[in-house]
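In what follows, a single structure is set out as structure tokens and then discussed.
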Amino acid sequence: MPELPEVETVRRGLAPALVSATIERVELRRHDLRFPFPERFASRLQGKRVLDLRRRAKYLIADLDDGHSLIMHLGMSGSFRIDEETPGAFHHKRDKNAAHDHVIFHLSHGKRVIYNDPRRFGYMLLIATHEIDEDKLFRGLGVEPLSDALDGAFLAHAFRGRAAPVKSLLLDQRLIAGLGNIYVCEALYRARISPLRAAGSLVTASRKPKAALARLPQAIKDVLKDALKAGGSSLRDHRQIDGSLGYFQHSFRVYDREGAACPTPGCKGTIARVVQSGRSTFYCPRCQK
DNA sequence: ACACTATCCTGCAGGC
DNA sequence: TGCCTGCAGGATAGTG
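Under my numbering, the residue at position 130 of the first sequence is numbered 130, and the numbers go up by one with no gaps.
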């Protein structure tokens, strides 16, 4: 499910319930997601207070009052919801989906935070808070796309000499951390760059970003900010924590729009779909060069 | 180092 | 109706 805007939307929705709350009990409905849960996972969380809920790349980080942090990744299909109703209440519409409620955090104020993940590509683990940056999962992560670190010079440096298509490099979390398939397609469209283009061809001999590449950082930031304003994209079931759907999917210009007319005024192109490294790419062959 | 694939898992849409 | 195939917002291990 989630790229940066969706994970950030989840963070903003969960924070009011989670921050300052104490975890009274953790209910594990299975012993693993993508990986087995750590030893004594539930008991190590029990009685801990949540000091802060942060995001890095596509990870949620809940800092606890015992010096550890709960790291959560939503994979492709992970989602959270807050349930304030009494346990055991009959949830007619949720019955089928409830089979994938894998983790339930019972909080001190009576609310429950429920993690649901049909495909189970998500995972949770505990890391000492001061060791997060050196952890294998985090130390290789690239820049936050909304930070000042992402600019033309950074991309020129990252892309120089690379033969791989620009789309592949934008998906590489070691360069930019937080983009995924949707927002890469949308950002390349906004920058009018073909996703098939060799990344290195966007850099001049003097190692500067060419004009097209100079447009890309702002295109990335713009699409992420627009998506954040909309509460993310709801392709299947991504919801904001209050249950409302993110609605950025209505603003897609190319993603999942194969065969549609290119939305660029005056462009007579048709959105095409190609497969790059096993994943769908959507773009306008006419105005993305 | 780099580029590309196969893979984990479930659900759903589309074709027949 | 059902059965089959392919595809889905991610990330990694493994291959040349």
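For each residue, glycine too, the CB sits at the ideal point set by N, CA and C.
Return the residue from the list the options that minimises the CA-CA distance to residue i.
i      : options                        : result
Gly266 : Cys284, Asp172, His31, Lys48   : Cys284
Ser244 : Ser233, Ser251, Val254, Phe252 : Ser233
Arg54  : Asp32, Glu27, Arg44, Leu18     : Leu18
Thr129 : Leu169, Pro118, Asp63, Ser79   : Asp63
Gln249 : Glu144, Ser201, Tyr183, Leu188 : Tyr183
Arg119 : Glu134, Ala163, Asn97, Phe138  : Asn97
Gln218 : Pro145, Asp242, Gly67, Thr281  : Pro145
Arg215 : Asp226, Asp151, Gly13          : Asp151
His109 : Gly47, Leu202, Leu228, Ala205  : Gly47
Which value, in whole angstroms, describes the spacing of the CA atoms of residue i and residue j?
i      : j      : result
Arg279 : Leu70  : 30 Å
Glu3   : Leu179 : 6 Å
Thr9   : Lys136 : 25 Å
Lys208 : His73  : 35 Å
Lys289 : Ser77  : 33 Å
Lys93  : Leu14  : Confidence at Lys93 is low in this model, with a pLDDT of 43, below 50, so the placement of that residue is unreliable and no value is reported for it.
Phe290 : Leu188 : Residue 290 is absent from the structure shown; the chain starts at 1 and stops at 289.
His31  : Glu258 : 40 Å
Ala156 : Leu28  : 46 Å
Glu186 : Asp148 : 20 Å
Asp242 : Lys210 : 43 Å
Sorted by chain position, which residues of the same chain lie with C-beta nearer than 8 Å to residue i's C-beta, five sequence neighbours on each side aside?
i      : result
Pro165 : Pro195, Leu196, Arg197, Ala198, Ala199, Gln276
Lys111 : Ala17, Ala21, Ile82, Asp83, Glu84
Leu107 : Ala17, Leu18, Ala21, Thr22, Ile23, Glu24, Val113
Val143 : Ala149, Leu150, Phe154, Leu175, Ile176, Ala177
Only counting the same chain, and skipping five residues up and downstream in sequence, which positions put a Cβ closer than 6 Å to that of residue i?
i      : result
Gly140 : Arg174
Leu171 : Val184
His91  : Low confidence applies here, because His91 scores a pLDDT of 47, under 50, leaving its location unreliable and the question unanswered by this model.
So if DSSP puts residue i in a beta bridge, which residue, or which two residues, is it bridged to?
i      : result
Ser79  : Asn116
Asp32  : Pro36
Thr264 : Paired residue(s): none; Thr264 is not in a bridge.
Thr281 : Val274
Using a Cβ-Cβ cutoff of less than 7 Å, which residues in the same chain neighbour residue i once the five nearest sequence positions on both sides are dropped?
i      : result
Phe105 : Ile23, Val26, Arg112, Val113
Gly161 : Gly200
Ala89  : Summary for Ala89: the model assigns pLDDT 48, below 50, so the residue's position carries little reliability; its value from the coordinates is reported in the next sentence. Cβ neighbours of Ala89 beyond the five flanking positions: none.
Gln240 : Thr9, Gly13, Gly231, Gly246
Asp222 : Arg190
Val7   : Arg55, Lys58, Leu60, Leu74
For the ligand NAD, is there any heavy atom lying closer than 6 Å to the beta carbon of residue i?
i      : result
Met124 : This structure does not include the ligand NAD; it has no bound ligands of any sort.
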